[in-house]
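If you read the sequences in order, they're chains A and B.
Just so we're aligned, residue 23 is where the first sequence starts under the working numbering, counting upward by one.
Just so we're aligned, residue -2 is where the second sequence starts under the working numbering, counting upward by one.
Idealized CB from N, CA, C, for every residue including glycine.
Report on the structure given below.
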Amino acid sequence: MLRHVVGRFNLQNWVWAVGGISLFLSLWTAASLKIDNAVLLPDPFSVVQGFVSLVHDGTLESDVTASMRRVLGGFALASFAAVPLALLMAFSRRVGLLLSPIITFLRPIPPIAWIPIAILWFGIGDPPSYFITAVAAFFPIFINTYAGGHSVRPEHVHAARSLGAGSKALFARIYLPSAMPMIATGLRIGLGQSWMAVVTAELIAAHSGLGYMIQANRLALETGLVLVGMCVIGVLGACMSVLLEVLERRVLVPWKMT
Amino acid sequence: MTKLALAWSRFETSAKSLPNHGSRDWTGGKGRILGRKIAMRFMTKAGPVIALEDLDIEIQPGEFLALLGPSGCGKSTLLNLIAGILKPTSGTITIDGALVHGPNPGCGIVFQHHSLFPWMSVLENVAFGPRMLGHADPIGTARTFLTLVGLEQHAKAWPAGLSGGMQQRVGIARALATYPPVLVMDEPFGALDAQTRSIMQDELLKIWSQFRTTVVFVTHDIEEAIFLADRVIVMKTLPGGIKHEVAIEMPRPRELSIIKSDQFNFYRSQVFELIREETLKVFRRQK
């Protein structure tokens, strides 16, 4: 879906994209005029005003930084744990059999359900948020990497062995790149999940960040600022997704696929 | 091309110290394949299937052998056994006296599909073997072999950017770049259109004439088998095994025009009859 937006520059595609955004903004404006209640639905212009004021007093920057740090920290933790573990499980039958029941059992538990225990273990602030973002990112990364670990073609293994590859080279040069497209997909989904989870975690378990900012402004009936928070989350999430897609095509999976 | 000749002569001198059995010792006697009492049974849901039974085979160093037959005759099974991809249920296969267990650098492989590593450039694909075996200057060797198959200008391309015929040429270059005594090819041109296929056959013979490595070539195309091979083994079904061997006594180098000669026609009708018998046998059983 995003490939349409980040693909090669195409004027017609951009015209449609801008048209879609304009349509959204005009529907929003129309609705806010009809409702005529700034607490229920402020109009886009007052949201922009709120945005400018939050930029000026510096609170938006500190909230964005706090959320971003939690997302990237938790995401990094999850990546470093999930990718090696999933590959190990894919390649060793025994490790796979040993650990797959645990994974199957833990996977359906939503990240939100971890929040109470995260507060008990880590208190309030950064540590529980790191924990929640890591839990959220872990499973998509794990499951995709695991599938990728099984996606190696037997022809490639046979060819590599007939060319003299030992087990180390087989892993690093055949299994790992075979799994890489799936790993990249897992990272992309994991980052998205992590970004959603940080807001949830901050609503409850933190005194900073975009989630906390939304919650605080809800209590103050500052709906305009709540919407500023939501819009910033949306825009930053989209930016991170696009950046990761660029990273995928330039660094992780640069080769052309059929 | 001189670089290639140089590399090859180095390889040959190192191979000369090895015992020399064959009558046609183009590779210094390397690449003799010997199979004794080979049997291969698979278990399927419908019960055991005998893919090969009590098969003896001897392939001379430097011989170009074609395995021909209808599907289900076990020709690919036999090739996979020689390459070490499959293990026989019973019996032994040796290459130059060494028992085959597992794919190894003594036997290069070219498949029909998914031969190349899509995450490596064309050049890196060809350099992979020399690199793994710790040869000096793998990139230089790879360039030489890419030149040999006429693809030096595509060195930096990704495999997926090449046509099917070009990909198979890279596959051949990659398999040869480690100078294997044996090369097995499993319907390497099966997915190509008729024109490209015919050009590739001609190319393959030209390349092979410089190496004279032992080739085991699986195909279901009668003309391809006769045009390429010194000997065509027609396989039988139910149970799988060798039905008949036909020695192709046509001079080399062979031009594409020989497929119009009387001698070629004679071989073609002979082999055609043999295969027809097998196909009819399967057909009647199914009824």
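Quick check: the Cα distance between residue i and residue j, rounded to an integer number of angstroms?
i, j, result
"Cys70(B)", "Leu52(B)", "12 Å"
"Leu202(B)", "Thr210(B)", "11 Å"
"Ser236(B)", "Leu49(B)", "First, the residue type needs correcting, since residue 236(B) is Pro and not Ser in the sequence shown. Between Pro236(B) and Leu49(B), the C-alpha separation is close to 6 Å."
"Gly72(A)", "Met279(A)", "46 Å"
"Arg272(A)", "Gln198(B)", "38 Å"
"Arg194(B)", "Thr216(B)", "12 Å"
"Val179(B)", "Trp277(A)", "31 Å"
"Val181(B)", "Asn101(B)", "12 Å"
"Ala60(A)", "His229(A)", "26 Å"
"Leu173(B)", "Phe142(B)", "8 Å"
"Glu246(B)", "Arg228(B)", "8 Å"
"Ala12(B)", "His110(B)", "Residue placement at Ala12(B) is flagged as unreliable, the pLDDT there being 40, under the threshold of 50; the coordinate-derived value follows with that caveat. When rounded, the distance between both Cα atoms is 32 Å."
"Leu148(B)", "Gln192(B)", "19 Å"
"Glu177(A)", "Gly186(A)", "14 Å"
"Gly99(B)", "His172(A)", "20 Å"
"Leu76(A)", "Trp136(A)", "31 Å"
"Phe127(A)", "Ala242(A)", "40 Å"
"Pro91(A)", "Asp148(A)", "The sequence as given places Arg at residue 91(A); Pro does not occur at that position. Distance between the alpha carbons of Arg91(A) and Asp148(A) is about 9 Å."
"Ala108(A)", "Phe261(B)", "57 Å"
"His26(A)", "Leu83(B)", "Note that His26(A) scores a pLDDT of 47, beneath 50, so its modelled location is shaky; the value from the coordinates is reported in the next line. Each residue's Cα considered, the two are about 46 Å apart."
"Lys240(B)", "Ala124(B)", "40 Å"
"Leu45(A)", "Ala39(A)", "10 Å"
"Ser263(A)", "Gly188(A)", "37 Å"
"Thr304(B)", "Met40(B)", "The structure shown has nothing for residue 304(B), since chain B only spans -2 to 284."
"Pro138(A)", "Met111(A)", "30 Å"
"Lys233(B)", "Arg273(B)", "11 Å"
"Ser216(A)", "Val157(A)", "8 Å"
"Asn35(A)", "Val254(A)", "24 Å"
Which residues bound the alpha helix (DSSP H) around residue i?
i, result
"Lys203(B)", "191 to 208"
"Met218(A)", "198 to 227"
"Ala100(A)", "81 to 113"
"Glu267(A)", "245 to 269"
"Ile169(B)", "161 to 173"
"Ile54(B)", "Unbroken run through Ile54(B) is the beta strand (DSSP E), 44 to 56; no alpha helix (DSSP H)."
"Leu78(B)", "72 to 80"
"Thr234(B)", "Per DSSP, Thr234(B) belongs to no alpha helix (DSSP H) and is neither H nor E."
"Asp259(B)", "259 to 283"
"Leu295(A)", "A question about residue 295(A) goes unanswered here, because the residues of chain A that appear run from 23 up to 280."
"Val146(B)", "Segment: none, Val146(B) is in no alpha helix (DSSP H) and carries neither H nor E."
"Met247(B)", "Note, Met247(B): premise wrong, no alpha helix (DSSP H); not H, not E."
"Ala238(A)", "232 to 241"
"Ile256(B)", "Note, Ile256(B): premise wrong, no alpha helix (DSSP H); not H, not E."
Start and end of the beta strand (DSSP E) containing residue i?
i, result
"Lys240(B)", "238 to 244"
"Ile90(B)", "87 to 92"
"Thr41(B)", "30 to 41"
"Ala63(B)", "61 to 65"
"Phe214(B)", "211 to 216"
"Val179(A)", "First-last for Val179(A): 176 to 184, but that is the alpha helix (DSSP H), not the beta strand (DSSP E)."
"Leu180(B)", "179 to 183"
Beta-carbon separation of residue i and residue j under 7 Å?
i, j, result
"Ala223(A)", "Ile146(A)", "no"
"Leu232(A)", "Gly212(A)", "no"
"Ala159(A)", "Phe97(A)", "yes"
"Arg265(B)", "Ile219(B)", "yes"
"Leu113(B)", "Pro58(B)", "no"
"Gly162(B)", "Leu120(B)", "no"
"Pro135(B)", "Gln165(B)", "no"
"Ala191(A)", "Met117(B)", "no"
"Asn239(A)", "Leu247(A)", "yes"
"Arg33(B)", "Thr86(B)", "no"
"Glu242(B)", "Ile230(B)", "yes"
"Ser184(A)", "Ile35(B)", "no"
"Ile92(B)", "Gly103(B)", "yes"
Report the option in the options whose CA atom is closest to the CA atom of residue i.
i, options, result
"Ile12(A)", "Lys84(B), Cys104(B), Gly237(B), Gly126(B)", "This structure gives no information on residue 12(A), because the portion of chain A shown stretches from 23 to 280."
"Gly259(A)", "Asn35(A), Arg210(A), Leu107(A)", "Arg210(A)"
"Val279(B)", "Glu221(B), Lys34(B), Gly66(B), Gly32(B)", "Gly66(B)"
"Gly26(B)", "Asn77(B), Ile56(B), Ser118(B)", "Ile56(B)"
"Ala226(B)", "Pro185(B), Ala36(B), Glu60(B)", "Glu60(B)"
"Ile125(A)", "Arg240(A), Asn35(A), Ile163(A), Asp148(A)", "Ile163(A)"
"Ile236(A)", "Leu107(A), Leu110(A), Leu82(A), Ile154(A)", "Leu82(A)"
"Gly81(B)", "Ala182(A), Pro203(A), Leu120(A)", "Ala182(A)"
"Ala206(A)", "Pro150(A), Glu270(A), Phe144(A)", "Glu270(A)"
"Gly137(B)", "Leu159(B), Gly158(B), Arg171(B)", "Arg171(B)"
"Tyr168(A)", "Asn35(A), Met204(A), Ser68(A), Ser84(A)", "Met204(A)"
"Met218(A)", "Leu142(A), Gln34(A), Val74(A), Ile154(A)", "Ile154(A)"
Quick check on residue i - is its C-beta less than 7 Å from some C-beta in chain D?
i, result
"Ile136(B)", "The structure shown has no chain D; the protein chains it does contain are A and B."
3-residue-minimum beta strand (DSSP E) runs that sit fully inside the region 93 to 144 of chain B, ordered along the chain: 104 to 107
Entirely enclosed alpha helix (DSSP H) segments - the region 113 to 163 of chain A, minimum 4 residues: 115 to 128, 137 to 144
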